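Have a look at the structure below, then the notes.
Protein chains: 2
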Amino acid sequence: MLGIEEIAYYIPEKRVSNYNRKEKFGINDEFIRNRIGVEEIAVKSDLENTSDMCINAYKKLKDKIAVNDNDIDVVIVVTQNPDFNIPQTSAILHGKLGFKEDCVAFDVSLGCSGFVYGLSVITAFMQVYKFKKGLLFTADPYSKIVDPADKNTSLLFGDAATVSLISENPVFSAQDFVFGTNGSCYKDLLCENNTLYMNGRGIANFAIKVVPKDILVLLARNGLTIVDIDKYLIHQGSRFIVDSLSKKLGLDESKVIYDISSYGNTVSSSIPILIEKIMKDKSVKLALGSGFGVGLSWANVLLKRIR
Amino acid sequence: MLGIEEIAYYIPEKRVSNYNRKEKFGINDEFIRNRIGVEEIAVKSDLENTSDMCINAYKKLKDKIAVNDNDIDVVIVVTQNPDFNIPQTSAILHGKLGFKEDCVAFDVSLGCSGFVYGLSVITAFMQVYKFKKGLLFTADPYSKIVDPADKNTSLLFGDAATVSLISENPVFSAQDFVFGTNGSCYKDLLCENNTLYMNGRGIANFAIKVVPKDILVLLARNGLTIVDIDKYLIHQGSRFIVDSLSKKLGLDESKVIYDISSYGNTVSSSIPILIEKIMKDKSVKLALGSGFGVGLSWANVLLKRIR
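Which chain is which? The protein sequence lines are A and B, in order. Going by my numbering, the first sequence opens with residue 1, and the numbers climb by one from there. Going by my numbering, the second sequence opens with residue 1, and the numbers climb by one from there.
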């Protein structure tokens with residue numbers, strides 16, 4: 001059975017504090033702590049590109065677990081801020097890391113739902129074509145496209161990259177997925193002329209409407225209810241969205257992780273960062289990951305601890 | 001068994017003739033006909049975006065076969081020239097075509113190898129998650145990024161989009177794939193500052209080196225030899241590259257399709273356009289598709305006629 005054997009993440013050291021931007025944006029401590037829930041955002045250096053961030057995450061993976069570069073069969077990078085539009089960032093990584101010639105490498109373009117989709121894609125691909133070891137990267141440095149004058153986005157998004165080692169010796173295995181798309185609202189998160197535009201309210205309303213419904217579908221068809229899940233790994237869009245979804249689903253507060261106050265909404269990296277934090281906590285037998293955003297697109301996954 | 005039930009393609013009507021550019025680029029008829037093998041390139045209108053080209057391909061699909069929009073479970077768009085970097089073009093398509101809410105939609109970023117990888121991804125995804133109908137789009141309008149003064153690229157690339165209907169009632173089913181990546185040469189095809197750069201010689205050398213080797217691997221492990229394949233669908237990079245690969249493999253000329261003299265190298269659309277041309281030719285029992293390019297990335301697929 002394939003699944004996540006290990007996860008590592010890289011969050012750049014540099015921070016920009018939202019407290020220093022209170023006057024500029026007319027916001028207060030209450031807004032920073034309880035509404036957006038982001039006190040400071042992580043920002044990559046100008047010299048760092050998306051592939052560099054992925055390499056840093058991969059170095060951290062190798063600090064945690066023995067990985068032979070030559071064993072890597074599949075590399076998928078989930079990003080909408082690649083190094084270049086051509087070629088795919090996965091190929092650049094393949095070159096820089098010196099992976100073997102019969103290694104598969106492609107990028108998947110998705111935003112905040114990207115990790116869950118990426119996990120579904122790499123697992124299916126490896127299962128069907130009988131590959132043993134894969135790397136699923138997420139890296140979407142929004143600092144490349146956020147307008148520092150835009151209150152809606154510049155206080156919220158942080159830079160990060162993650163890598164998940166997918167193998168036949170998993171800690172967590174994906175038991176089931178539900179997927180969704182509403183392309184009619186695609187303009188709610190859009191990057192034009194290299195600048196991000198976000199309709200935060202539109203996305204929050206959509207997420208609160210569709211995500212809980214699909215989580216209940218996922219649980220029901222696996223014979224589970226809300227209380228059977230040990231941890232909810234909800235995409236860390238903002239404090240408001242995580243709280244709203246938790247409330248709507250009636251989740252026990254202790255089961256919902258909220259983690260991003262010191263680095264921000266890292267798009268497709270937010271869920272794997274949370275999974276990393278529960279990898280060693282054996283009290284977590286069942287976890288539920290829920291990603292939603294750009295597209296609009298969403299996906300939920302049921303993760304079962306194997307060991 | 002999943003596979004390709006139908007294919008349709010859209011090539012914009014507008015053409016730019018290479019004969020009118022002989023003086024500008026210091027080329028002659030021999031070069032146009034026998035070296036690059038592209039007499040004119042297809043160019044989309046400025047008003048047309050990538051998603052519009054996909055929609056035109058989808059309309060043509062619906063002219064050929066009854067498709068119920070509500071039955072579409074999965075939409076994958078292979079592109080490196082999306083409408084926007086955010087959101088994925090598949091979501092825009094999903095919205096414009098009014099597909100259902102539980103439809104999966106994501107983009108895959110790959111170039112000339114993109115159709116073969118895309119076919120492998122959508123097939124594995126649908127097989128594992130039990131989806132019945134999927135659409136695999138390819139659309140990579142290089143006219144967006146080609147510098148009209150660049151002889152290496154502006155004589156070669158044409159715009160097109162294709163859509164393959166993937167279902168359990170296939171005409172052709174993918175029997176086996178081989179995949180490859182050489183990221184160390186990623187700079188051989190690169191788009192920076194919205195302008196394409198290509199090291200044509202580098203890519204041709206790489207393709208002639210790695211592609212025949214992998215084709216032989218694919219044939220051997222399926223108990224086949226060169227003569228058992230009825231048609232070779234080699235990525236239509238140029239006349240030179242198709243001829244060179246055919247010669248290196250010792251292919252019978254009648255088994256190699258060359259088709260692009262009136263529209264150009266359409267990147268990930270070149271192979272599905274060729275498949276469309278053999279869909280109804282029942283003498284083609286076995287075909288081999290071979291994509292290679294951006295990354296550098298390559299993939300070969302063995303296609304078997306089911307009906």
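Glycine residues also receive a C-beta, built at the ideal position from the N, C-alpha and C atoms. Since this is a predicted model, take the numbers as computed values, not measurements.
Do Asp63 (chain A) and Gly134 (chain A) come within 8 Å of each other at the CB atom, strictly closer than that value?
No, the pair does not count as a contact, with Cβ atoms beyond the cut-off.
DSSP three-state call for Cys191 (chain A): helix, strand or coil?
DSSP, read as helix, strand or coil, puts Cys191 (chain A) in strand.
Compare the beta carbon distance of Pro87 (chain A) and Tyr186 (chain B) with 8 Å and say whether it is the shorter of the two.
yes
Tell me which residue opens and which closes the beta strand (DSSP E) that Gly180 (chain B) is part of.
172–181
With 16 other Cβ atoms within 10 Å as the buried cut-off, status of Lys44 (chain A):
buried
Report the residue from A:Gly95, A:Phe25, A:Arg15 whose alpha carbon sits nearest the alpha carbon of Asp150 (chain A).
A:Phe25
Need the endpoints of the alpha helix (DSSP H) that Ala91 (chain A) sits in, please.
89–97
Report the option in A:Gly289, A:Phe31, A:Lys14, A:Asp71 whose CA atom is closest to the CA atom of Ile273 (chain A).
Here the closest residue by C-alpha is A:Gly289.
My output table needs one value for Met1 (chain B): the three-state DSSP class, helix, strand or coil.
coil
Contact residues within the region 172–188 of chain B, judged by C-beta distance below 8 Å to chain A
Phe177, Val178, Phe179, Gly180, Thr181, Asn182, Gly183, Ser184, Cys185, Tyr186
On the DSSP letters alone, give me the boundaries of the alpha helix (DSSP H) that Ser115 (chain A) sits inside.
Reading off the sequence, residue 115 (chain A) comes out as Phe, not Ser. Run containing Phe115 (chain A): 114–129, per the alpha helix (DSSP H) assignment.
Would a C-beta distance cut-off of 8 Å place Gly250 (chain A) and Ile226 (chain A) closer than the cut-off?
yes
With DSSP as the reference, please indicate the residues paired to Gly293 (chain A) in a beta bridge.
A:Ser297
Contacting residues, own chain, Cβ-Cβ under 7 Å from Val121 (chain A) (five flanking each side not counted):
Ile76, Val108
So, using beta-carbon positions, are Leu119 (chain A) and Leu93 (chain A) closer together than 8 Å?
In this structure, Leu119 (chain A) lies away from Leu93 (chain A), with their beta-carbon atoms at least 8 Å apart.
DSSP-derived helix/strand/coil call for Ile41 (chain A)
In the three-state DSSP reduction, Ile41 (chain A) falls in the strand class (E or B).
In three-state DSSP terms, what is Glu101 (chain A)?
coil
What first and last residue would you give for the alpha helix (DSSP H) that runs through Lys277 (chain B)?
270–278
Is the number of C-beta pairs between the region 236–250 of chain A and the region 9–16 of chain B that are closer than 8 Å three or more?
no
Spatial neighbours of Val301 (chain A) within its chain, please: C-beta separation below 6 Å, excluding the five flanking residues on both sides.
Val116, Ala174, Phe177, Gly289
Kindly indicate the opening and closing residues of the beta strand (DSSP E) around Val74 (chain A).
74–78
Segment limits, beta strand (DSSP E) that includes Ala161 (chain A)
161–167
State yes or no: is the beta carbon of Leu47 (chain A) nearer than 8 Å to at least one beta carbon in chain B?
no
Run down chain A in chain order and give the residues with a C-beta less than 7 Å from the C-beta of His94 (chain B).
Thr181, Gly183
Collapsed DSSP secondary structure at Ile241 (chain A) in the structure displayed
Under the three-state reduction of DSSP, Ile241 (chain A) is assigned to helix.
Given a cut-off of 8 Å on the beta-carbon distance, is the pair Ser167 (chain A) and Lys130 (chain A) in contact?
no
Do the CB positions of Ser270 (chain A) and Gly114 (chain A) come within less than 8 Å of each other?
no
With 16 other Cβ atoms within 10 Å as the buried cut-off, status of Asp343 (chain B)
What the structure shows of chain B is the stretch from 1 to 307, and residue 343 (chain B) is not part of that stretch, so it cannot be assessed.
Ala258 (chain B) by DSSP, collapsed to three states: which one?
Going by the sequence as given, residue 258 (chain B) is Tyr instead of Ala. In the structure shown, Tyr258 (chain B) sits in coil (DSSP, three-state: anything other than H, G, I, E or B).
Taking the alpha helix (DSSP H) that Ile208 (chain B) falls in, what are its first and last residues?
200–221
Tell me which residue opens and which closes the alpha helix (DSSP H) that Phe137 (chain B) is part of.
Taken as a continuous stretch (DSSP letters only), Phe137 (chain B) belongs to no alpha helix (DSSP H), being part of the beta strand (DSSP E) at 134–139.
Closer than 7 Å by beta-carbon distance: list the chain B residues that pair up with Asp102 (chain A), in chain order.
Chain B residues near Asp102 (chain A): Phe179, Gly180.
Could you give the distance in angstroms between the alpha-carbon of Asn152 (chain A) and the alpha-carbon of Gly37 (chain A)?
13 Å
So, is the C-beta of Ser215 (chain A) closer than 8 Å to a C-beta in chain B?
The displayed chain sequence assigns Ile, not Ser, to residue 215 (chain A). So no, Ile215 (chain A) is outside the interface.
Distance between Gly3 (chain B) and Tyr142 (chain B) (C-alpha atoms, nearest Å):
28 Å
Which of the three DSSP states, helix, strand or coil, is assigned to Ser246 (chain A)?
DSSP places Ser246 (chain A) in the helix class (H, G or I) of the three-state scheme.
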